[in-house]
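Here the sequence shown is numbered in full-length UniProt numbering, starting from 1 and rising by one per residue. Backbone N, C-alpha and C define an ideal beta-carbon position, used for all residues, glycine too.
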Amino acid sequence: HDTDINPKTDILYRYFLHFLLASLVLLISSWCNELLVIFFCVFCRKVKYLNLKGSLLDEHTVRGLSKAGKEVVLTAKNIVIATGGRPKYPTEIPGAVEHGITSDDIFWLEKSPGKTLVVGASYVALECAGFLTGIGLDATVMVRSDALRGFDRQMAGLVTDYMEAYGTRFVWRSVPKRVDRLPLGTLQVTWSDTETGREHRDTYDSVLWAVGESFCWSFPNGHLGLGPERSLPHSNCTQ
Ligand SMILES: Cc1cc2nc3c(=O)[nH]c(=O)nc-3n(C[C@H](O)[C@H](O)[C@H](O)COP(=O)(O)OP(=O)(O)OC[C@H]3O[C@@H](n4cnc5c(N)ncnc54)[C@H](O)[C@@H]3O)c2cc1C
Numbered sequence: 001h002d003t004d005i006n007p008k009t010d011i012l013y014r015y016f017l018h019f020l021l022a023s024l025v026l027l028i029s030s031w032c033n034e035l036l037v038i039f040f041c042v043f044c045r046k047v048k049y050l051n052l053k054g055s056l057l058d059e060h061t062v063r064g065l066s067k068a069g070k071e072v073v074l075t076a077k078n079i080v081i082a083t084g085g086r087p088k089y090p091t092e093i094p095g096a097v098e099h100g101i102t103s104d105d106i107f108w109l110e111k112s113p114g115k116t117l118v119v120g121a122s123y124v125a126l127e128c129a130g131f132l133t134g135i136g137l138d139a140t141v142m143v144r145s146d147a148l149r150g151f152d153r154q155m156a157g158l159v160t161d162y163m164e165a166y167g168t169r170f171v172w173r174s175v176p177k178r179v180d181r182l183p184l185g186t187l188q189v190t191w192s193d194t195e196t197g198r199e200h201r202d203t204y205d206s207v208l209w210a211v212g213e214s215f216c217w218s219f220p221n222g223h224l225g226l227g228p229e230r231s232l233p234h235s236n237c238t239q
């Protein structure tokens with residue numbers, strides 16, 4: 001494969017980002033009602049908006065830290081945690097963190113990702129590979145077992161058949177072993193075929209990990225004082 005970034009696809013990528021921005025504006029205007037409600041709630045002072053990074057001190061106390069390092073302690077009878085997740089990196093694979101990106105990064109790149117390997121076969125992986133193919137990039141999905149595991153098998157097959165027909169490449173039953181940056185800047189990915197055990201290599205401009213999310217929460221002592229049977233998993237956000 002030619003690993004040079006094609007100026008045509010680079011321009012297409014920029015158009016794609018503009019399109020994304022325009023779609024976002026449209027989406028936001030379609031959410032106007034909800035936004036108006038939020039706006040009035042916030043400005044009628046019924047809801048306080050605090051731009052702080054929160055951490056839980058105990059089941060009724062949150063410590064908020066501003067960017068400038070100012071600390072605020074808040075207490076409440078009930079605390080709802082809605083901190084979402086952040087894409088995970090497979091830290092056990094050499095080169096994965098140093099050279100890889102995630103679905104959060106792909107929308108903020110300043111230049112085209114070029115020839116891209118997407119590792120993972122969830123809807124996030126397929127969506128990313130699908131739009132990269134759609135704007136003319138060489139996109140490959142590396143699948144450990146089945147694509148869209150947990151979804152209807154017939155539908156999953158239709159999706160991947162369609163994607164293959166449209167130009168997305170699939171490397172089935174394979175797991176990445178390492179990622180190395182070559183002297184010319186491209187990334188060499190080594191992977192092994194889980195059926196034959198054989199090792200393979202190819203070079204890419206970008207490697208996108210779509211291997212799941214870590215939840216952005218961690219609790220003092222790993223639980224919220226809810227008792228062991230109701231304690232929540234303790235996990236650190238990767239960021
Ligand atoms: C590529 C992609 C495509 C997707 N497509 C779809 C789709 O088509 N349909 C669909 O339904 N879903 C889709 N999803 C999933 C959807 O985006 C998530 O399920 C949804 O955003 C989860 O919402 P949330 O509010 O739980 O978390 P988030 O949207 O992640 O929001 C969490 C918020 O908490 C904040 N936060 C985190 N930690 C702290 C802290 N310590 N203090 C203060 N604030 C904090 C974060 O900054 C963020 O603003 C997609 C996801 C991806 C990645």
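According to DSSP, which residues form a beta bridge with GLU71?
According to DSSP, GLU71 bridges with LEU65.
Are the Cβ atoms of VAL118 and ALA147 separated by less than 8 Å?
Their beta carbons are not under 8 Å apart, which means VAL118 does not touch ALA147 by this criterion.
Is GLY54 closer than 8 Å to VAL62 when the C-beta atoms are compared?
Cβ distance < 8 Å, so VAL62 and GLY54 count as in contact.
Using a threshold of 7 Å, is the CB atom of SER103 nearer than that to any non-hydrogen atom of ligand 1?
Correct: SER103 has its Cβ closer than 7 Å to ligand 1.
For ligand 1, any of its heavy atoms closer than 7 Å to the Cβ of THR124?
The sequence as given places Val at residue 124; Thr does not occur at that position. Yes, Cβ of VAL124 sits closer than 7 Å to a heavy atom of ligand 1.
Leaving out the 5 sequence neighbours to the left and right, which residues in its chain are closer than 6 Å to LEU12 when beta-carbon positions are compared?
Hits under 6 Å: ILE135 and GLY136.
In the DSSP assignment, find the beta strand (DSSP E) that holds VAL173 and state where it starts and stops.
Per the sequence shown, residue 173 should be read as Arg rather than Val. Taken as a continuous stretch (DSSP letters only), ARG173 belongs to no beta strand (DSSP E), as it is neither H nor E.
Any idea what DSSP makes of ASP161, helix, strand or coil?
Three-state result, ASP161: helix.
Mapping DSSP to helix, strand and coil, what is TRP108?
Looking at TRP108 - three-state DSSP - the assignment turns out to be helix.
When burial is assigned at 16 or more other CB atoms within 10 Å of the CB, is GLY130 buried or exposed?
When all chains shown are included, GLY130 counts as buried.
To which residues of the same chain is LEU17 closer than 8 Å at the C-beta, ignoring the five residues directly before and after it?
Counting only Cβ-Cβ distances below 8 Å, and skipping sequence neighbours, we find PHE107.
Tell me the DSSP bridge mates of PRO87?
Per DSSP, GLU213.
Measure how close the beta-carbons of VAL175 and THR194 come, nearest whole angstrom, since I'm counting them as under 8 Å.
So it is a contact: roughly 6 Å between Cβ atoms.
Using CA atoms only, rank isn't needed, just tell me which of LEU27, ASP180 and GLN154 is closest to VAL97.
For the residues LEU27, ASP180 and GLN154, the minimum Cα distance to VAL97 belongs to ASP180.
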